[in-house]
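So the sequence lines, in the order shown, correspond to chains R and E. Start counting the first sequence at 1; every next residue gets the next number (my numbering). Start counting the second sequence at 315; every next residue gets the next number (my numbering). What follows is a short report on a single structure.
Protein chains: 2
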Amino acid sequence: MKDIVLGIDIGGTNTVFGLVDKSGNIISQNKISTRGNEPPNTLINRIREKVDSLLNETPNLELLGVGVGAPNANHFTGIIQNPPNLSWGDVNIVSIISEKFLSNVKLTNDANAAALGEKHYGVAKDMNDFVLITLGTGLGSGIFSGGKILYGENSMAGELGHLSIDQNGRLCSCGLKGCLEMYVSAKGIKETVIDFKKQYPNDSFLSGLNSDELDGKMIDNAIDNGSEMAKRLYEFTAEKLAFALAQVASILNPEAFIFYGGYSQAGDRLLDPTRLMLDSFLMDNLKGKIKILESGLSMDQTGVLGAASLIWNS
Amino acid sequence: MKDIVLGIDIGGTNTVFGLVDKSGNIISQNKISTRGNEPPNTLINRIREKVDSLLNETPNLELLGVGVGAPNANHFTGIIQNPPNLSWGDVNIVSIISEKFLSNVKLTNDANAAALGEKHYGVAKDMNDFVLITLGTGLGSGIFSGGKILYGENSMAGELGHLSIDQNGRLCSCGLKGCLEMYVSAKGIKETVIDFKKQYPNDSFLSGLNSDELDGKMIDNAIDNGSEMAKRLYEFTAEKLAFALAQVASILNPEAFIFYGGYSQAGDRLLDPTRLMLDSFLMDNLKGKIKILESGLSMDQTGVLGAASLIWNS
Numbered sequence: 001m002k003d004i005v006l007g008i009d010i011g012g013t014n015t016v017f018g019l020v021d022k023s024g025n026i027i028s029q030n031k032i033s034t035r036g037n038e039p040p041n042t043l044i045n046r047i048r049e050k051v052d053s054l055l056n057e058t059p060n061l062e063l064l065g066v067g068v069g070a071p072n073a074n075h076f077t078g079i080i081q082n083p084p085n086l087s088w089g090d091v092n093i094v095s096i097i098s099e100k101f102l103s104n105v106k107l108t109n110d111a112n113a114a115a116l117g118e119k120h121y122g123v124a125k126d127m128n129d130f131v132l133i134t135l136g137t138g139l140g141s142g143i144f145s146g147g148k149i150l151y152g153e154n155s156m157a158g159e160l161g162h163l164s165i166d167q168n169g170r171l172c173s174c175g176l177k178g179c180l181e182m183y184v185s186a187k188g189i190k191e192t193v194i195d196f197k198k199q200y201p202n203d204s205f206l207s208g209l210n211s212d213e214l215d216g217k218m219i220d221n222a223i224d225n226g227s228e229m230a231k232r233l234y235e236f237t238a239e240k241l242a243f244a245l246a247q248v249a250s251i252l253n254p255e256a257f258i259f260y261g262g263y264s265q266a267g268d269r270l271l272d273p274t275r276l277m278l279d280s281f282l283m284d285n286l287k288g289k290i291k292i293l294e295s296g297l298s299m300d301q302t303g304v305l306g307a308a309s310l311i312w313n314s
Numbered sequence: 315m316k317d318i319v320l321g322i323d324i325g326g327t328n329t330v331f332g333l334v335d336k337s338g339n340i341i342s343q344n345k346i347s348t349r350g351n352e353p354p355n356t357l358i359n360r361i362r363e364k365v366d367s368l369l370n371e372t373p374n375l376e377l378l379g380v381g382v383g384a385p386n387a388n389h390f391t392g393i394i395q396n397p398p399n400l401s402w403g404d405v406n407i408v409s410i411i412s413e414k415f416l417s418n419v420k421l422t423n424d425a426n427a428a429a430l431g432e433k434h435y436g437v438a439k440d441m442n443d444f445v446l447i448t449l450g451t452g453l454g455s456g457i458f459s460g461g462k463i464l465y466g467e468n469s470m471a472g473e474l475g476h477l478s479i480d481q482n483g484r485l486c487s488c489g490l491k492g493c494l495e496m497y498v499s500a501k502g503i504k505e506t507v508i509d510f511k512k513q514y515p516n517d518s519f520l521s522g523l524n525s526d527e528l529d530g531k532m533i534d535n536a537i538d539n540g541s542e543m544a545k546r547l548y549e550f551t552a553e554k555l556a557f558a559l560a561q562v563a564s565i566l567n568p569e570a571f572i573f574y575g576g577y578s579q580a581g582d583r584l585l586d587p588t589r590l591m592l593d594s595f596l597m598d599n600l601k602g603k604i605k606i607l608e609s610g611l612s613m614d615q616t617g618v619l620g621a622a623s624l625i626w627n628s
């Protein structure tokens, strides 16, 4: 018999799950629609069916446990709290999964799962102190400190998307002002495009952008084609990001910031100006010491691997 | 024989040291002038003499180790790096003490030592996640996360005094702008008094303050005597502090912020407006959940107890 762990990465749109062995090989992986309007029981039943047939196809596998990453997940209580895009309210996903599978179930939030993935199978293998930042519709983060996920008292640490970089800045849907994700995320860059359109009403690149259908690739392509305004858009974004990273660094003294998710595919177009500006916001004793890296794992795998590592490394 | 640990708290002006038993009883304590213009060897020799006579006076004590807290101390390297008010440059204090005493020597910075003191013998006994903030000439911090001091990659974590609360704020001696200690510390409040004097040239309380001889007690007394301007001075300070604490909370999700050092003696005069304003800067899921406390230990004891706990809890 070979020990195996089920890793589940629950997202607002899709859920990815896979059987992961101790070395981080994904023996089998599936992607299904989450269907956030149906109760979570249904999702877990659909996963159970698929996993059963996988286990039947490949005999000699022994399921050791289930690790789960999900938005708004509380590591300590096992509860997913009112997740965005899912009409679940507060749901104890750990007890639902324990009933359907087996009792060894562990939960963490999606950004922590990605951080765990990088730590055990990605670019952070040899790091004890780093911050994984997810750049998607919003901005999330998972923090490793002293070789462990930093959870805080109530599993609410790492809310970097709501770090305020300006006490009088853009109003966020959370009610606060100047939240980082109002500048650095799909949502934030959309706001910047709206601002830039007002500021430069005659710019051809900006005129061609529909802020409601904005996609990072449009900006990336424009930069690759030499658009100065597209470059300026990322420079504005990079300055906000660099200022925030410097504040986090003054508190955590990490070895690296690692970027993951949709907008991280901008790569050096966004990260190079961030690297340049970061040093100007850092104390002398940290200048030049903090790496800014891209994730070393593919988007569909990181969450599954990280979720599985909750069991493999517990 | 009774096991005992020597705790040393090296400060810019004075050095306090004491023999501490496992329960945190200080069997004997001394305070001597640090004499920062003399080499560190001399200081350690002077401590050695005193400790020898203490050990002679009280037989049956067995020295287990030496714990040291000092400004700019690096836990990993054993080096005190160019400490303020001491003309030492970079000095490996751990090897000097190991030569003069015994090999079991551990070093941490002064704010971490205070945090360790609170954790093992003070108000943070039952907490795993808290931030100790020292309010003196400057502002420092020691962070506990998941029951352990958060050091970061190079023992430089917890530089809360240089968290920027305003990208275009007051210029700090470190070269950055908007550093928290330029608002919340003796140095910072002095700057605020200078600003307030310009803003309110006819105010009698402000006219009576000489910003070069400013002392927290002057402000405390004025508040106790009903001065609205003195109250406003602390409200201004509390707003900056509360904003910074909210940012730290979004990253660390601590149970409490604990205040220690000279200006913390303002007590509720400063901390009540901070408590009031903190919630307005916090995300909904943290509102009302974070305590703001004063240190539970006396100023001379915290550092010694915390330093000793480096050995007792290693």
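We treat Cβ as the ideally placed atom computed from N, Cα and C, and that holds for glycine. Note that this is a predicted model, so its numbers are computed, not measured.
Going by DSSP, what residues sit across from residue i in a beta bridge?
i        : result
R:CYS174 : Answer is none; R:CYS174 lacks a bridge partner.
R:LEU107 : R:VAL68
E:THR448 : E:GLY454 and E:TYR574
E:GLY321 : E:GLY332 and E:GLY381
E:LEU607 : E:ILE572
E:LYS462 : E:SER459
E:SER478 : E:CYS493
E:LYS316 : E:LEU375
Taking the C-alpha atoms as reference points, what is the distance between residue i and residue j?
i        : j        : result
R:THR237 : R:SER211 : 16 Å
R:LEU135 : R:ILE258 : 10 Å
R:LYS187 : R:THR137 : 6 Å
E:VAL445 : E:ASN339 : 24 Å
R:LYS287 : E:GLU473 : 14 Å
R:SER264 : E:LEU375 : 60 Å
E:LYS439 : E:GLY379 : 23 Å
R:GLN301 : E:ILE324 : 50 Å
R:LEU315 : R:THR108 : Outside the displayed range of chain R (1 to 314) lies residue 315 of chain R, so it cannot be described from this structure.
E:SER412 : E:GLU363 : 15 Å
R:VAL51  : E:HIS389 : 48 Å
E:ASN599 : R:CYS172 : 15 Å
E:GLY466 : E:LYS336 : 28 Å
E:GLU352 : E:GLY475 : 28 Å
E:MET470 : E:LEU619 : 22 Å
E:GLY489 : R:THR15  : 47 Å
R:LYS231 : R:LYS197 : 15 Å
E:LEU596 : E:ASP517 : 34 Å
R:ASP110 : R:GLU191 : 25 Å
R:ALA113 : R:GLY261 : 13 Å
E:GLY530 : E:MET315 : 46 Å
E:SER628 : R:ILE4   : 36 Å
Our contact map puts residue i next to residue j with C-beta atoms below 8 Å; I'd like the distance itself, whole angstroms only.
i        : j        : result
R:VAL123 : R:GLY296 : 4 Å
E:ALA629 : E:ILE322 : Not covered by the structure: residue 629 of chain E. The range shown for chain E is 315 to 628.
E:GLY350 : E:SER417 : Going by Cβ atoms, the distance from E:GLY350 to E:SER417 rounds to 26 Å, so no, they are not a contact pair.
E:ILE463 : E:LEU494 : The pair is not a contact, with the Cβ atoms about 20 Å apart (cut-off 8 Å).
E:ALA560 : E:LEU592 : 6 Å
E:GLY381 : E:SER612 : Not quite, the Cβ-Cβ distance comes to about 18 Å (not below 8 Å), so this is no contact.
E:LEU333 : E:LEU368 : 6 Å
E:ARG583 : E:ILE625 : So it is not a contact: roughly 37 Å between Cβ atoms.
R:SER164 : R:GLY178 : 4 Å
E:ASN482 : E:ILE410 : That belief does not hold up - the Cβ atoms of E:ASN482 and E:ILE410 are roughly 44 Å apart, past 8 Å.
E:LYS433 : E:PHE458 : 6 Å
If we require 3 or more residues per run, which beta strand (DSSP E) segments fall completely within the segment 245-289 of chain R? Under the rule that a run must span 3 or more residues, the beta strand (DSSP E) segments found entirely inside the segment 245-289 of chain R read 256-260.
Which of the residues in the segment 143-162 of chain R, read from start to end, lie with their CB under 9 Å from any CB of chain E? ILE143, SER145, GLY146, LYS148, ILE149, LEU150, TYR151, GLY152, GLU153, ASN154, SER155, MET156, ALA157, GLY158, GLU159, LEU160, GLY161 and HIS162
Give, in chain order, every unbroken run of the beta strand (DSSP E) that is at least 3 residues long and sits entirely within the segment 14-97 of chain R. 14-20, 26-33, 61-70, 79-81 and 90-92
Residues of the segment 386-419 of chain E whose Cβ lies closer than 7 Å to any Cβ of chain R, in chain order: none
What are the residues in the segment 162-181 of chain R lying within 8 Å of chain E by C-beta distance? Hits within the stretch, in order: HIS162, LEU163, SER164, ILE165, ASP166, GLN167, CYS174, GLY175 and LEU176.
Please name the residues in the segment 238-264 of chain R whose beta-carbon is closer than 8 Å to at least one beta-carbon of chain E, in chain order. PHE243, ALA246, GLN247, VAL248, SER250, ILE251, LEU252, ASN253, PRO254 and GLU255
Could you give the uninterrupted runs of the alpha helix (DSSP H) lying entirely in the segment 181-242 of chain R, keeping only those of 4 residues or more? 186-199, 204-207 and 216-224
According to a CB-to-CB cut-off of less than 7 Å, which residues of the segment 526-543 of chain E neighbour chain R? Per Cβ criterion, the list is empty.
Chain R contacts made by the segment 599-617 of chain E, where a contact means CB separation under 9 Å: ASN599, LEU600, LYS603 and ILE604
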